[in-house]
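Encoded as structure tokens, the structure appears first; notes follow it.
Numbering (the working numbering), first residue to last: 4 to 626.
Shown next, in the form of structure tokens:
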């Protein structure tokens, strides 16, 4: 196709002459080149000829190389031809590129072949100059973004949405030793917009580029540089990369303490974010210690009723919850809700959000008589105050559905989730993190209702969408796949369940560590799947490992420890030496006071997320 387009554009060059030129170019290549490199040489042949015939076309093409490949607004490119005598020169140049199959056109957009972009980006610069087209791309995007002002803190902006892929591409392809001229503050603000929409992974290259600019212009210890570094750590946290988040935030806490003081608001914000990263990475001891220290400093510096102090109370309570210390979690959540009600009123959004946290602890402790009425009341207040399509109302409805699911009422859960999914698709679109999460939750509700015909397609779709949007190792992707594995197992597809659990376990062990509660739950699920498949010999060592790890993390009387004790006993009963199961069953009976397997299984179920992820505190930066 490229050869035909080249010859059509250059009718004075014969087929034989083109063939000789192409062979000459290929003969200069080393042996064993791959097809992509061969095709790249064909592109270069066309570009070389275009340089002589239409330099503006090559200038446009070199600029396109540094943008996202699809849906590049023609209006963005208009300033390239500002110095031309003919305003149609740009359109003619684009037409030439289209004829040569370098780009495809619609009336208002351009798309460029990805291999063409790679070929152009990899061209060596001339002397000390910037790579060809790079400065032009930076200039065009800067001119397009400048009149827009700051992106909205909440809600969508179609103009920003169209330009953001090109900003991300520009930031992600910054050449080594190139001083990017795009304003750092614009990169940082665009990143905050993406993070507000749940696209933390896409924000990482923007904040990385902004940080490099800030360090070069203002130095590593400037307040703006430190804010951008904090937000980059937050972006890694939101993307599920806790290791990188901690690697950024740990030294930043020390830097903030040295430069600003231990009790400075910025220092405490970064410390709280680091504590959340510790918590979600499974390092609960360090998370609790740091959250307790941060809370004490905020109380001393700001008072008991300051919003930041109350946020610290909530995050510490959530960390107690994650560690299994439900008594302290309930006590702190109850006190925090009371403070919110006193200082902000019973219907303030912060009060309602705090009640969600308290209801979640009631639910985890098995106190359905308090959890469900609280979820119901909070949902009714959100719905009345903000309407059915408000993001917080959707979250609240999702949380209420989760409570119904834990209570063994999947039909009521499904009714709420059907509505929540419709509202999410209306507000966010089909492939948005919150939409995907609720689609997965609805699949879990159908699963628990025994409706696998509707459950499996929803969960399979949600798992594929989450992997594509967020990545294979993102926590939401793994949670969705866990729900799918449970559905496969419930539907009798043990082989598929085992394959899913194997994949989830590898990712969670690598991401969170071997003893993180989510890793333990996955290993337990895999053990149960092998047991259901009639393979107790594989189930036993898995159960033995998870029992020992649960004792280490939670203690011997924790429900998860006991349920895995019973799972191990069941597996041993199906082996050639069933007598080994007797002392395990007796131990579980003595510790728990005689639980049935059904009651323990019900306590450890976690079919859906308990709500959308809570964001770190983010620090907005400006030019």
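C-beta atoms are modelled at their ideal positions from N, C-alpha and C, and glycine is treated no differently.
- Within the region 477 to 561, the complete alpha helix (DSSP H) runs of at least 4 residues fall at 478 to 493, 497 to 515, 520 to 535, 539 to 556.
- Here the region 92 to 109 makes no contact with the region 132 to 144; the two share fewer than three CB pairs at distances below 8 Å.
- Contact between the region 244 to 255 and the region 215 to 228 is absent: fewer than 3 CB-CB pairs across the two stretches fall below 8 Å.
- Counting the other CB atoms within 10 Å of its CB gives residue 161 a total below 16, which places it among the exposed residues.
- For residue 151, there is no enclosing alpha helix (DSSP H), as DSSP gives it neither H nor E.
- Three or more Cβ pairs closer than 8 Å define a contact, and the region 218 to 227 falls short of that threshold against the region 490 to 497.
- Around the Cβ of residue 555, a 10 Å sphere holds fewer than 16 other Cβ atoms; the residue is exposed.
- With the rule of 3 Cβ pairs closer than 8 Å, the region 402 to 410 does not count as touching the region 424 to 438.
- Secondary structure at residue 334: helix, using DSSP grouped into helix, strand and coil.
- Positions of the alpha helix (DSSP H) runs, each at least 4 residues long and wholly inside the region 337 to 392, are given as 352 to 367, 371 to 389 in order along the chain.
- Of the other Cβ atoms in all chains shown, 16 or more fall within 10 Å of the Cβ of residue 399; this residue is therefore buried.
- Burial is judged here by how many other beta carbons sit within 10 angstroms of a residue's own beta carbon; residue 318 has at least 16 and is buried.
- The straight-line gap separating the alpha-carbon atoms of residue 84 and residue 184 is approximately 20 Å.
- Per DSSP, residue 160 lies in no alpha helix (DSSP H) and is assigned neither H nor E.
- DSSP places residue 83 in no beta strand (DSSP E); its state is neither H nor E.
- Nearest to residue 231 by C-alpha distance, out of 312, 207, 472, 334, is 207.
- Between residue 178 and residue 137, the C-beta gap is smaller than 8 Å, which places the two residues in contact.
- Bounds of the beta strand (DSSP E) holding residue 107 are 106 to 109.
- Short of 8 Å from the beta carbon of residue 338, and not among the five residues preceding or following it, lie these beta carbons of its own chain, in chain order: 316.
- As the crow flies, the alpha-carbon of residue 69 is around 17 Å from that of residue 189.
- Taking the Cα positions, residue 144 is about 7 Å away from residue 79.
- A straight-line Cα-Cα distance of about 18 Å links residue 364 and residue 560.
- The alpha-carbon separation between residue 240 and residue 272 amounts to approximately 14 Å.
- Residue 476 sits buried, since 16 or more C-beta atoms from the chains shown fall within 10 Å of its C-beta.
- Ranking 148, 455, 471 by CA distance to the CA of residue 434 puts 471 first.
- By the neighbour-count definition (other C-beta atoms within 10 Å, threshold 16), residue 202 is a buried residue.
- With 16 or more other Cβ atoms inside 10 Å of its own Cβ, residue 437 counts as buried.
- Looking at the DSSP output, residue 115 shares a beta bridge with 106.
- If you check the CB distance, residue 506 and residue 492 do not come in under 8 Å.
- For residue 56 and residue 105, the gap between their C-alpha atoms comes out near 15 Å.
- Following the DSSP letters along the chain, one finds residue 226 inside the alpha helix (DSSP H) bounded by residues 226 to 241.
- Beta-bridge annotation (DSSP): residue 75 is paired with 113.
- The alpha-carbon of residue 296 is positioned some 14 Å away from that of residue 313.
- Distance from the CA atom of residue 457 to the CA atom of residue 411, rounded to whole angstroms, is 18 Å.
- Shown here for residue 564: same chain residues with a beta carbon closer than 6 Å to its own, the five before and five after excluded, namely 553, 554, 557 in chain order.
- Here the alpha carbon of residue 418 sits roughly 9 Å from the alpha carbon of residue 445.
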